[in-house]
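Notes follow the structure.
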Amino acid sequence: MGGVALDDGGSGKVKAPDGGWGWVVLFGCFVITGFSYAFPKAVSVFFKELMKEFHVGYGHTAWISSILLAMLYGTGPLCSVMVNRFGCRPVMMVGGLFASSGMILASFATSITHIYLSVGVVTGLGLALNFQPSLIMLNRYFNEKRPLANGLAAAGSPVALCGLSPLGQFLQYEYGWRGGFLILGGLLLNCCACGAIMRPLTAPKKPPAIEEGDGGAASEEDEKEKKPKAKPKLLDFSVFKDRGFVIYAVAASIMVLGLFVPPVFVVSYAKDMKYEDGKAALLLTILGMIDIFARPTCGLIAGLKWVRPRCVYLFAFAMIFNGCTDLIGSMSKDYNTLVVFCIFFGISYGMVGALQFEVLMTIVGTEKFSSAIGLVLLMEAMAVLVGPPSAGWILDATKDYKYVFLVAGSEVVLSALVLAICNFIFIKKASAPPDAKLENGEAATEMQQLSKLKEEEEGEEVEEKREEMEEEEKGAAKSNGGPMASAEHRPDSVMVDSGEVERFLKEDGGQEADGGEPNPETNL
2 MGGVALDDGG SGKVKAPDGG WGWVVLFGCF VITGFSYAFP KAVSVFFKEL
52 MKEFHVGYGH TAWISSILLA MLYGTGPLCS VMVNRFGCRP VMMVGGLFAS
102 SGMILASFAT SITHIYLSVG VVTGLGLALN FQPSLIMLNR YFNEKRPLAN
152 GLAAAGSPVA LCGLSPLGQF LQYEYGWRGG FLILGGLLLN CCACGAIMRP
202 LTAPKKPPAI EEGDGGAASE EDEKEKKPKA KPKLLDFSVF KDRGFVIYAV
252 AASIMVLGLF VPPVFVVSYA KDMKYEDGKA ALLLTILGMI DIFARPTCGL
302 IAGLKWVRPR CVYLFAFAMI FNGCTDLIGS MSKDYNTLVV FCIFFGISYG
352 MVGALQFEVL MTIVGTEKFS SAIGLVLLME AMAVLVGPPS AGWILDATKD
402 YKYVFLVAGS EVVLSALVLA ICNFIFIKKA SAPPDAKLEN GEAATEMQQL
452 SKLKEEEEGE EVEEKREEME EEEKGAAKSN GGPMASAEHR PDSVMVDSGE
502 VERFLKEDGG QEADGGEPNP ETNL
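Each number in the working numbering comes from the position in the sequence shown (counting from 1) with 1 added on.
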């Protein structure tokens, strides 16, 4: 968990390009992330019209966003199974059709229950089928630049929120809630376009073997490919054997209890201080603008060489920063302090948003990420359903927003401590156990002894060959009866002048040239 899992591709065989078509995939993920996180908040613009149309209270309309978020998080395992079975591109395109159809059907609703089913269930399922596969594809296309890519993709949430909320208000004023739902349904068809650009990675074609030496290796690889491969698991529960994943899942579930509470209640907090609605709504705009720049910046920092291996601790710091901001913000007494709170909350909230899926990718790697994210989102779905309502119960009981922010901040800080402390205690750097070290030491000693023996054997072989060559030369000299036969008995004091030898050979050569008989003394 403390290190980086270097992924080599979606299937473990294709290297992540870290660019090229990956930037197009990043843009599609940016759009999908924006729709997934901002749409539940944008739909709340139509709540007053729905209350008048169906004669219901705010509690009934609030269930629309709750069901939508529950489907987005709770269907994580279903999305994992679909992706592992059919792939990311088909799942996303079908999800885009579901998301659009839900809003279009909602424009013909005759009761609030129809809104629950169409917007909450159908549209929520469609957004879920887009959100999770887009993150999986982003993880497959980026490895070295993955922290930056995650930060840029996460920036889609605040950007879409700043755009969809005013658009929803405009559509409501111009066309009513039914016309607004119909147009938003058409807008969600862009999810199909984003799904279409999620081109799967393919392994490069192997060149044909030209040399005979390559034929053996090529045939072996072909035989390996012909062997039946094990079918991939539709939902890999083996991720729970990884301590790092378990720690992350528990910490993320605790974090979600309080992470989304301040953005929901900060506007009401300002209104409770007797500030006008426009001035109170400006707080969310400030928070969103800071969030837009915080996410890519944090992704860029997380990609640094000395930071990336420790990104889990950077994530823990971001959570502590966010929780402490809530705790200090609970003491706000005027509008200026709320503005400062929103600035720091936007920075910390952006850091958390940029790092949460990057850390998960780092822990489990590419092959298990599709199953891991589904299981994590399922656990977070339970916390999402409990978090904001529990904050509302606290507010009803105390009539003071201070306690809401205190509880939310405490939950986020607790999650950071769980993540950092458990990671430090239970997740250690991979090191060889004592037995393995002993075996490695013995193996090294044996290798040294073998190398010495090999050198000695080679030396003995060279010496034996040299002696054999000398014996062969001596035998040849004895058979020819030349002076070499008595060479070993020649005294060391006998010296031969090289000049005399040359003159002797020249004279002998001259005789042969004149047709004379060769000198037998020179016939060796």
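Yeah, the Cβ is synthetic: ideal placement off N, Cα and C, and Gly gets one too. This one's a predicted model, so the numbers in the text were calculated from it and none came from an experiment.
Around the beta carbon of Trp307, fewer than 16 other beta carbons lie within 10 angstroms, which makes this residue exposed.
Taking the C-beta atoms as reference points, Leu130 is found nearer than 8 Å to Met83. In summary, Ser135 is buried, with 16 or more beta-carbon neighbours lying within 10 Å of its beta-carbon over all protein chains present. By alpha-carbon distance to Gly393, the top candidate from Val265, Ala252, Glu277 is Val265. In the structure shown, Met274 adopts coil according to DSSP, grouped into three states. About 28 Å separates the beta carbon of Ala71 from that of Leu328, a gap too long to meet the 8 Å contact definition. Rounded to the nearest angstrom, the Cβ distance from Gly186 to Ser101 is 5 Å, consistent with a contact under 8 Å. CA-to-CA, the gap between Pro78 and Gly366 works out to about 17 Å. If the five residues before and after Asp273 are omitted, its C-beta is found closer than 7 Å to the C-beta atoms of Tyr402, all from its own chain and listed in chain order. Non-local C-beta neighbours of Gly75 in its own chain, meaning closer than 7 Å and more than five positions away in sequence, comprise Leu379, Ala382, ordered along the chain. For Met199, there is no enclosing alpha helix (DSSP H), since its DSSP letter is neither H nor E.
The stretch 353-366 makes no contact with the stretch 109-129: fewer than 3 CB pairs, one atom from each, lie closer than 8 Å.
The shortest C-alpha to C-alpha distance from Ala317 to any of Leu202, Leu285, Val353 is the one to Val353. Put simply, the backbone Cα of Tyr142 is about 40 Å away from that of Arg179.
DSSP places Met332 outside both helix and strand once states are collapsed to three, so it counts as coil. In the displayed model, Phe261 falls within coil according to three-state DSSP, outside both helix and strand.
In this structure, the CA atom of Ser67 is about 15 Å from the CA atom of Phe47. Judged by DSSP in its simplified three-state form, Trp64 adopts helix. By the Cβ criterion, the stretch 397-417 is not in contact with the stretch 279-286, since fewer than three pairs of Cβ atoms, one from each stretch, lie closer than 8 Å. Counting along the chain, the unbroken alpha helix (DSSP H) around Leu79 starts and ends at 77-87. Three or more pairs of CB atoms, one per stretch, sit closer than 8 Å, so the stretch 26-33 contacts the stretch 147-157. Distance between Leu183 and Ile105, taken at the CA atoms: about 5 Å. Burial is judged here by how many other beta carbons sit within 10 angstroms of a residue's own beta carbon; Asp335 has fewer than 16 and is exposed. One thing to note: Ser81 has its Cβ within 8 Å of the Cβ of Ser372. The alpha-carbon of Ile302 is positioned some 45 Å away from that of Tyr176. Per DSSP, the continuous alpha helix (DSSP H) segment holding Glu381 begins and ends at 370-399. By the beta-carbon neighbour count (other beta carbons within 10 angstroms, threshold 16), Met320 is buried. Leaving aside the five residues that flank Phe406 on each side, the residues in its chain whose CB is nearer than 6 Å to its CB run, in chain order, Asp327, Gly330, Ser331. Beyond the five residues adjoining it in sequence on each side, Asn191 comes within less than 7 Å, by CB distance, of Val32 in the same chain, given in chain order.
Taking C-beta separations shorter than 6 Å and ignoring five residues to either side along the sequence, the partners of Val267 in its chain run Leu284, following chain order.
For Trp24, the uninterrupted alpha helix (DSSP H) run begins and ends at 23-43, by DSSP. When only Cα atoms are considered, Gly279 and Val25 end up about 37 Å apart. When Lys49, Pro389, Leu69 are compared, the shortest CA-CA separation from Met256 is found for Pro389. Between Met138 and Cys89 the beta-carbon gap is near 5 Å, inside 8 Å, which marks them as a contact.
Residue environment for Gly125: buried (at least 16 other C-beta atoms within 10 angstroms of its C-beta).
Closest option to Leu202, judged by alpha-carbon separation, among Gly23, Trp64, Ile293, Pro310: Gly23.
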